[in-house]
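Taking UniProt numbering, the leading residue of the sequence shown gets 1, the next gets one more, and so forth. Where a beta carbon is used, it is the ideal one built from N, C-alpha and C, also for glycine. Here the structure is laid out as structure tokens; the discussion comes afterwards.
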Amino acid sequence: MTHPIRPLQPGATLGVMGGGQLGRMFVHAAQAMGYRTAVLDPDPASPAGLVSHLHIPADYLDPAGLKQLAEAADAITTEFENVPAQALRTLAERRPVAPAGDAVAICQDRAAEKAHFGASGVPCAPYAVIETAEQLAAVSPDLLPGILKTARMGYDGKGQVRVANAAELAAAWAELKQVPCVLEKRLALQRELSVIVARGADGQLVHFPVQQNLHRDGILAVTQVPAPQVNAALAAQAIERAGLIAAEMGYVGVLCVEFFVVDDGQGGSALVANEMAPRPHNSGHYTIDACDLSQFGLQVRCMAGLPLVMPRLHSPTVMLNLLGDLWFSEGQERTPPWDRVLALPGVHLHLYGKTSSRPGRKMGHLTVTAATPEAATATALQVCALLGLPAF
Numbered sequence: 001m002t003h004p005i006r007p008l009q010p011g012a013t014l015g016v017m018g019g020g021q022l023g024r025m026f027v028h029a030a031q032a033m034g035y036r037t038a039v040l041d042p043d044p045a046s047p048a049g050l051v052s053h054l055h056i057p058a059d060y061l062d063p064a065g066l067k068q069l070a071e072a073a074d075a076i077t078t079e080f081e082n083v084p085a086q087a088l089r090t091l092a093e094r095r096p097v098a099p100a101g102d103a104v105a106i107c108q109d110r111a112a113e114k115a116h117f118g119a120s121g122v123p124c125a126p127y128a129v130i131e132t133a134e135q136l137a138a139v140s141p142d143l144l145p146g147i148l149k150t151a152r153m154g155y156d157g158k159g160q161v162r163v164a165n166a167a168e169l170a171a172a173w174a175e176l177k178q179v180p181c182v183l184e185k186r187l188a189l190q191r192e193l194s195v196i197v198a199r200g201a202d203g204q205l206v207h208f209p210v211q212q213n214l215h216r217d218g219i220l221a222v223t224q225v226p227a228p229q230v231n232a233a234l235a236a237q238a239i240e241r242a243g244l245i246a247a248e249m250g251y252v253g254v255l256c257v258e259f260f261v262v263d264d265g266q267g268g269s270a271l272v273a274n275e276m277a278p279r280p281h282n283s284g285h286y287t288i289d290a291c292d293l294s295q296f297g298l299q300v301r302c303m304a305g306l307p308l309v310m311p312r313l314h315s316p317t318v319m320l321n322l323l324g325d326l327w328f329s330e331g332q333e334r335t336p337p338w339d340r341v342l343a344l345p346g347v348h349l350h351l352y353g354k355t356s357s358r359p360g361r362k363m364g365h366l367t368v369t370a371a372t373p374e375a376a377t378a379t380a381l382q383v384c385a386l387l388g389l390p391a392f
């Protein structure tokens, strides 16, 4: 159902499906602009639910919960790509929903996502869809070695297995319970980038600078902006392609597209799309401290039908993810030395209010801003030393 585009003024209620840290930062941004907020999340202690005007503790497909959210909110978004697309479609029968359920459904399925990249004219790694034993047997040897990924419910490196040959591929598919998968050819990776765009219902598009990312064990560890190893031509290409991907699905909201920079086989670099997230993204958290408009502020504007303006990076920055591992030392739980970290200039600490820490769990992030990229990197490396994080 299409709802008329009308600006929602402060005082209206903005709803979000999902109560994690992305929802929490969205709620903070919406409240700062004078909006009321409503969160639907089954966890009674969800980070976003704890700070929202209204928390609906219900399953994402619970009819009563969806009805309550639709009655409370004037517009609705999602903070988690695995919120069922059908729930968003149900809400859209009564309220404006951005992004739409159909767009989220594409992002939830790697096969549909890669097909969408192709329809947008954006190259991705060579791949094959594996849903049957016949498709497994028909895989081209040219795709090996590769990475087998579950088509659905994979994030932060989950549901992925590296395979070197046909025997390992067959074993990996069996290990993944023979669910629908995508096999991607492993390419010679130079670095990883991401681009965050925001697109309004009127088609207006704005973007943040290209972000250079470092992952460890499939989880984002470090983001640097400006991207230190990306030239202007490659950055422009990444931004253009992210815009094409958003426009092709009539996207409304904040979208992150992750790219690989790979060897082009001729001594140069080529850009291929990896995956996309229909929401603000971990690699964009620095925008709260280093830009004059954050990704969450743009999420609010997209939902409320407000004008989108091009955000400006006012400070070079490094963002470090803070995982639950930091709260443990030699098996004993501890409090990281935040006082020593916060004694450094330009350090901004964001903890998400999660009630318990565990290894690999995203507990917060830390942003370093400085007058120059070199100064931001130097301070971030001091932070790493204090917290026991690997240097980058």
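For residue i, count the other beta carbons within 10 Å of its own beta carbon; 16 or more makes it buried, fewer makes it exposed. Which is it?
i           : result
Glu275      : buried
Val179      : exposed
Gly92       : Gly is not the amino acid found at residue 92; the sequence shown has Ala there. Ala92 comes out buried.
Arg358      : exposed
Gly34       : exposed
Pro390      : exposed
Met153      : exposed
Glu166      : It should be noted that the sequence gives Ala, not Glu, for residue 166. By the neighbour-count rule (16 or more Cβ atoms within 10 Å), Ala166 is not buried but exposed.
Lys114      : buried
Ala246      : buried
Ala138      : exposed
residue 393 : Nothing about residue 393 can be reported from this structure: the residues present for the chain run from 1 to 392 only.
Glu258      : buried
Ala103      : buried
Leu169      : buried
Gly49       : buried
Please report the straight-line C-alpha distance between residue i and residue j, rounded to a whole angstrom.
i           : j      : result
Gln211      : Val195 : 6 angstroms
Thr2        : Gly346 : Low per-residue confidence applies at Thr2: pLDDT is 47, beneath 50, and the placement is therefore not dependable enough to give any value.
Ala58       : Leu40  : 6 angstroms
Gly11       : Gly23  : 19 angstroms
Thr355      : Arg334 : 14 angstroms
Ser283      : Glu79  : 14 angstroms
Thr90       : Arg279 : 19 angstroms
Phe26       : Val51  : 11 angstroms
Pro4        : Ala201 : In this prediction, Pro4 has a pLDDT of 46, which is less than 50 and means its spatial position is unreliable; what the coordinates show is noted afterwards. Roughly 10 angstroms separates the two Cα atoms.
Glu248      : Ala119 : 8 angstroms
Gly305      : Ala198 : 12 angstroms
Pro63       : Leu54  : 17 angstroms
Pro141      : Lys185 : 10 angstroms
Glu330      : Glu240 : 47 angstroms
Val83       : Phe260 : 26 angstroms
residue 410 : Ala370 : In the structure as shown, the chain starts at 1 and stops at 392, and residue 410 therefore has no counterpart that could be examined.
Asp339      : Gln295 : 28 angstroms
Leu66       : Met17  : 9 angstroms
Ala133      : Glu81  : 29 angstroms
Ile130      : Leu136 : 6 angstroms
Ala38       : Gly101 : 19 angstroms
Gly353      : Gly360 : 16 angstroms
Ala32       : Gln9   : 13 angstroms
Since residue i and residue j are thought to touch, with beta carbons under 8 angstroms apart, how far apart are those beta carbons, to the nearest angstrom?
i      : j      : result
Leu183 : Ala128 : 5 angstroms
Ala85  : Gln108 : 6 angstroms
Val341 : Leu387 : 7 angstroms
Gly253 : Pro96  : Rounded, the Cβ-Cβ distance is 11 angstroms, inconsistent with contact.
Lys177 : Gln160 : 14 angstroms between Cβ atoms; not a contact.
Leu205 : Val122 : Actually they do not touch by this definition, with Cβ atoms about 15 angstroms apart.
Gly20  : Ser46  : 7 angstroms
His285 : Thr367 : 7 angstroms
From this set, the options, which residue's C-alpha is nearest residue i's C-alpha?
i           : options                        : result
Val126      : Asp292, Leu308, Gly146         : Correcting the residue identity first, residue 126 is Pro in this sequence and not Val. Nearest C-alpha to Pro126: Gly146.
Ala75       : Gly360, Pro7, Leu169, Arg312   : Pro7
Leu144      : Leu136, Val163, Glu131, Gln135 : Val163
Val262      : Leu193, Ala115, Ala232         : Leu193
Val230      : Arg191, Thr132, Asp62          : Arg191
Leu344      : Ser315, Cys384, Arg361         : Cys384
Cys256      : Asp264, Gly268, Ala133, Leu298 : Leu298
Lys362      : Pro209, Ala371, His350         : His350
His365      : Arg94, Asn321, Cys124          : Asn321
Ala151      : Val300, Ile106, Leu214         : Ile106
Gln237      : His207, Thr223, Gln266         : His207
residue 402 : Asp264, Pro226, Glu168, Lys158 : With the chain represented from 1 up to 392, any question about residue 402 goes unanswered, as that position is not in the structure.
Q.
For the pair the stretch 361-376 and the stretch 68-81, tell me if three or more CB-CB distances fall below 8 angstroms.
A. Touching, no, given that fewer than three Cβ pairs across the two stretches are closer than 8 angstroms.
**Q.** Sufficient close CB pairs (3 or more, under 8 angstroms) joining the stretch 262-278 to the stretch 200-220
**A.** No, the stretch 262-278 is not in contact with the stretch 200-220.
Q) Do three or more CB pairs link the stretch 325-342 to the stretch 284-292 at distances below 8 angstroms? A) Touching, no.
**Q.** Three-pair Cβ contact test at 8 angstroms for the stretch 42-52 versus the stretch 311-319
**A.** Here the stretch 42-52 does not lie against the stretch 311-319, with fewer than 3 beta-carbon pairs under 8 angstroms apart.
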